[in-house]
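Asks: I'd like to ask some things about the structure below.
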Ligand code: ATP
Ligand code: MG
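In our numbering, the protein residues as written are 459 to 758.
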């Protein structure tokens, strides 16, 4: 496949899952088992596309780095065992580690809680020329914190500021924040890896039954699973209110890992493609300088 074809394929793979305007979004419209009619038999072909895509991504990232203008922030949100870690690992596998920064957000520390909820994320934003990855993010503030209101009480926010509109207020704050990031050259893309409850059960059982996977299991995973419906409602509301043209959500079917990786890689390629990246142009005086330096070396 030539590069133009890969760009075209990448666009076709991710476009069906991109949400630019959340107002009519319904989670039930996305089937976690969807593979866009690619059968498991197409897996080798999909893997080939993924391999070529990853190579292309590395090239694009080198230009992003050389140009040093835009930063790209990829946010991953999902229920446990949806495949965040594996997807990040595969999609970014070809990229120069110096140009990529990954951060996993866990439960906030005492220091984090002494600040507003965007504080810790803001410190981890990628620099210009870099791709930053948030494994979980400030969106947890509208997910786990919403499903477990006692976490909000623990946050030491002045009580008079907590009211029933707090989630809508947070959506608005996040929309403004992402708009601010865009206008500062930070391109935000958000991925919800949408796994089904049935597939999560299968993956949890594997973690429990295969000794080499035991370490991945934590008892809290089962506790969160019990709140499945509340989480799905929170995800739907979040996507409805925070999907914008500048910072779209991709709701990625996650029951088939090979397909999840393909869609995410495609979306990253499509995103970098939209930036029209190129190596910085060398000015005429700089060219003369390079020629002089070359001459000096040759004459040594
Ligand atoms: P793994 O795949 O290794 O399980 P993980 O992302 O689930 O990765 P954990 O250490 O298991 O990592 O979980 C991190 C926990 O931190 C999650 O339960 C998440 O909901 C919680 N968390 C993240 N951000 C916040 C937040 N702002 N407030 C409260 N809890 C949070
Ligand atoms: Mg976990």
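Heads up, the beta-carbon is just placed ideally off N, CA and C, and yes, glycines get one too.
What's the C-alpha gap between residue 490 and residue 652?
Replies: 6 angstroms
Asks: Taking 6 angstroms as the cut-off, is the beta-carbon of residue 455 closer than that to any non-hydrogen atom of ligand 1?
Replies: Residue 455 cannot be examined here, being either before or after the span of the chain that is shown, 459 to 758.
Asks: Could you check the C-alpha separation between residue 479 and residue 706 for me, to the nearest Å?
Replies: Answer to the nearest angstrom: the Cα atoms are 8 angstroms apart.
Asks: Assign residue 714 to one of two classes, buried (16 or more other C-beta atoms within 10 Å of its C-beta) or exposed (fewer than that).
Replies: buried
Asks: Span of the alpha helix (DSSP H) holding residue 475?
Replies: Neither: residue 475 is in no alpha helix (DSSP H) and is coded neither H nor E.
Asks: Any contact of the region 509-529 with the region 732-740, i.e. 3+ C-beta pairs under 8 angstroms?
Replies: By the criterion of at least three beta-carbon pairs nearer than 8 angstroms, the region 509-529 is in contact with the region 732-740.
Asks: Take every Cβ of the region 637-656, pair it with every Cβ of the region 610-627, and state whether three or more of those distances are shorter than 8 angstroms.
Replies: no
Asks: Taking the beta carbon of residue 680 as the centre, do at least 16 other beta carbons fall within 10 Å, making it buried, or is it exposed?
Replies: It is exposed - the Cβ of residue 680 has fewer than 16 other Cβ atoms within 10 Å.
Asks: Spatial neighbours of residue 577 within its chain, please: CB distance less than 8 angstroms, with the 5 preceding and 5 following residues excluded, ordered by chain position.
Replies: 570
Asks: Note down the Cα distance separating residue 668 from residue 727, rounded to an integer number of angstroms.
Replies: 35 angstroms
Asks: Return the CA-CA distance between residue 709 and residue 488, expressed in angstroms with no decimal places.
Replies: 7 angstroms
Asks: Would you decide whether residue 648 is buried or exposed? Buried here means 16 or more other CB atoms lie within 10 Å of its CB.
Replies: buried
Asks: For the beta strand (DSSP E) that residue 502 lies in, which residues bound it at each end?
Replies: Not the beta strand (DSSP E): residue 502 falls in the alpha helix (DSSP H), residues 501-525.
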